[in-house]
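Visitor: In our numbering, the protein residues as written are 33 to 350.
Mind having a look at this structure? Questions to follow.
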């Protein structure tokens with residue numbers, strides 16, 4: 033598709049698009065161009081645009097609230113063609129910023145006095161807005177209870193950040209303490225979490241992003257599609273987001289990242305991409321997700337989630 037053709041098609045659909053804006057979209061990696069040579073010593077032909085470019089422009093027009101640095105993740109996750117090297121750069125920058133934030137936080141909070149001060153400030157930000165007028169004794173008591181819980185939660189978060197920035201992995205006990213803030217967990221949670229904590233080490237994992245190639249992003253999207261299919265099937269039987277501790281966790285995550293909610297949590301998507309890229313076992317993961325074992329595991333997970341939901345409600349699984 034030629035540039036003039038794409039501009040006219042966008043205009044016909046009332047999509048605001050100028051040549052300069054189109055160049056910016058290409059620069060950001062949101063729109064993919066294709067260049068072909070004219071043969072030896074004849075140079076390259078003018079760039080043409082991917083056949084799905086108009087669909088991408090429609091999607092961009094529907095997502096005005098997404099920050100520029102996050103939009104490429106949203107488009108990729110939804111299956112639109114993006115420039116893989118720009119996606120790689122964006123993911124690398126995301127991980128570097130996360131690493132930098134964690135390093136700064138780890139240095140500041142290693143001093144108990146600094147940790148207490150930071151936890152208190154962040155806890156105050158997380159508390160609900162006070163109602164007009166003089167609060168009742170009960171309201172004051174409830175607010176103080178919430179404040180104490182938030183401070184304790186922030187200390188646990190600081191502990192995880194400290195672990196992520198050391199040669200060691202996050203301990204299962206620290207991670208369990210973190211998740212317990214969102215509600216009761218199954219008795220065997222430590223057994224389930226332990227293998228994951230052995231893998232969790234930001235210093236060891238970050239360099240994997242710089243090693244990624246185009247094929248990695250092609251294969252990762254296939255994996256994402258399989259994961260989305262499993263999630264859709266899972267929700268037909270039971271939606272895990274209905275579990276109180278999962279809902280509380282997601283609400284808190286989105287409260288710290290308000291721009292993530294418009295597309296269903298951008299930060300979650302960045303984390304998943306980072307994990308899949310560091311695992312690098314694309315073929316094996318896809319084969320597993322398509323296997324009968326995965327189908328059976330999904331059914332088993334549904335049953336366990338249903339039972340857990342009933343237990344939390346104080347009833348019995350039907």
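Glycine included, C-beta positions come from ideal geometry on N, C-alpha and C.
These figures come from a predicted structure and were not determined experimentally.
For the alpha helix (DSSP H) that residue 96 lies in, which residues bound it at each end?
Guide: The count along the chain shown starts at 1 and reaches residue 96 at position 64. For residue 96, there is no enclosing alpha helix (DSSP H), since its DSSP letter is neither H nor E.
Visitor: Out of 325, 338 and 320, which one is the CA nearest neighbour of residue 268?
Guide: Locating residue 268 in the chain shown gives position 236, counting from the first residue. Taking only the C-alpha atoms, the option nearest residue 268 is 338.
Visitor: Mapping DSSP to helix, strand and coil, what is residue 300?
Guide: If you number the chain shown from 1, residue 300 lands on position 268. Three-state DSSP puts residue 300 in a helix.
Visitor: Using the rule of at least 16 other Cβ atoms within 10 Å of the residue's Cβ for burial, across every protein chain shown, is residue 48 buried or exposed?
Guide: On the chain shown, residue 48 is found 16 positions in, with the first residue counted as 1. It is exposed - the Cβ of residue 48 has fewer than 16 other Cβ atoms within 10 Å.
Visitor: With distance defined between alpha-carbon atoms, name the residue in 173, 138, 240 and 116 nearest to residue 127.
Guide: Within the chain shown, the letter at position 95 stands for residue 127. Answer by Cα proximity: 240.
Visitor: Measure how close the beta-carbons of residue 100 and residue 142 come, nearest whole angstrom, since I'm counting them as under 8 Å.
Guide: Working through the chain shown from its first residue, we reach residue 100 at position 68. Working through the chain shown from its first residue, we reach residue 142 at position 110. Residue 100 to residue 142, Cβ: 34 Å. No contact.
Visitor: Measure the Cβ-Cβ separation of residue 119 and residue 61 and say whether it is below 8 Å.
Guide: Within the chain shown, numbered from 1, the residue matching residue 119 stands at position 87. Within the chain shown, numbered from 1, the residue matching residue 61 stands at position 29. It is a contact, given that the beta carbons lie within the stated cut-off.
Visitor: May I ask you to report which of helix, strand or coil DSSP gives residue 102?
Guide: Translated into positions along the chain shown, residue 102 becomes position 70. Helix, per DSSP.
Visitor: Under three-state DSSP, which class holds residue 350?
Guide: As a position in the chain shown, residue 350 is number 318, starting the count at 1. The pLDDT assigned to residue 350 is 40, lower than 50, so where the model puts this residue is not dependable, and the model offers no usable value.
Visitor: Name the two residues that bound the continuous alpha helix (DSSP H) containing residue 127.
Guide: Your numbering for residue 127 matches position 95 in the chain shown. Unbroken alpha helix (DSSP H) run through residue 127: 116-141.
Visitor: Can you tell me the Cα-Cα spacing of residue 189 and residue 153, whole angstroms?
Guide: Numbered from 1 along the chain shown, position 157 holds the residue referred to as residue 189. Numbered from 1 along the chain shown, position 121 holds the residue referred to as residue 153. Approximately 14 Å between the Cα atoms of the pair.
Visitor: If we count the other Cβ atoms within 10 Å of its Cβ and call it buried at 16 or more, is residue 117 buried or exposed?
Guide: As a first step, residue 117 must be located in the chain shown, where it is residue number 85. Under this definition residue 117 is an exposed residue.
Visitor: Rounding to the nearest angstrom, what Cα-Cα distance links residue 244 and residue 180 in this structure?
Guide: By one-based count along the chain shown, residue 244 stands at place 212. By one-based count along the chain shown, residue 180 stands at place 148. Counting only the Cα atoms, residue 180 lies some 43 Å from residue 244.
Visitor: Using 8 Å as the threshold, is the C-beta distance between residue 309 and residue 248 below it?
Guide: By one-based count along the chain shown, residue 309 stands at place 277. By one-based count along the chain shown, residue 248 stands at place 216. Yes, Cβ-Cβ distance for residue 309 and residue 248 is below 8 Å.
Visitor: If you compare alpha carbons, which of 246, 251, 326 and 157 is closest to residue 265?
Guide: On the chain shown, position 233 is the one that residue 265 refers to. Closest by alpha carbon: 326.
Visitor: Here's the rule: buried if 16 or more other CB atoms are within 10 angstroms of the residue's CB, otherwise exposed. What is residue 140?
Guide: Your numbering for residue 140 matches position 108 in the chain shown. Residue 140 is exposed by the Cβ-count criterion.
Visitor: Compute the distance between the beta-carbons of residue 305 and residue 105, then report whether it is under 8 Å.
Guide: For this step, residue 305 is matched to residue 273 along the chain shown. For this step, residue 105 is matched to residue 73 along the chain shown. Yes.
Visitor: Identify the continuous alpha helix (DSSP H) that holds residue 242 and give its terminal residues.
Guide: Stepping through the chain shown from its first residue, residue 242 is reached at position 210. Counting along the chain, the alpha helix (DSSP H) containing residue 242 begins and ends at 239-242.
Visitor: Taking residue 429 as the reference, which of 196, 80, 159 and 114 has the closest Cα?
Guide: What the structure shows of the chain is the stretch from 33 to 350, and residue 429 is not part of that stretch, so it cannot be assessed.
Visitor: Looking at the ligand ZN, does it come within less than 7 Å of residue 163, judged from the CB to the closest heavy atom?
Guide: The ligand ZN is not part of this structure, which contains no ligands at all.
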